[in-house]
Amino acid sequence: MIKITYKRSGVEDYREFRNKEEFEDWLDRQKKIEEITIINKSES
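So this is what it looks like as structure tokens:
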């Protein structure tokens, strides 16, 4: 499980991903993200 907060257009949001692949797929589709913070990453 990967938990992140991210900021886009000055608005902070939160997401969870089941695995690294899901996170990377999402990340590839994002535009204009200013900042990403990984809160909790655990291999499962």
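Residue numbers (the numbering used here): 21 to 64.
For each residue, glycine too, the CB sits at the ideal point set by N, CA and C.
Model, not experiment: these values are computed from the prediction.
Query, Result
"Determine the burial state of I53: buried for a count of at least 16 other Cβ atoms within 10 Å of its Cβ, exposed for fewer.", "exposed"
"Contact check, Y26 vs I56 under 8 Å by CB: the rounded distance?", "5 Å"
"Near N60, which residues of its chain fall below 8 Å by C-beta distance, leaving aside the five closest residues on each side in sequence?", "M21, I22 and K23"
"Leaving out five residues before and five after F37 in sequence, what residues of the same chain have Cβ atoms less than 6 Å from its Cβ?", "I22 and F43"
"Residues in its own chain within less than 8 Å of E58 by CB, not counting five upstream and five downstream?", "Residue 58 is actually Ile in this sequence, not Glu. The answer, listed in chain order, is I22, K23 and I24."
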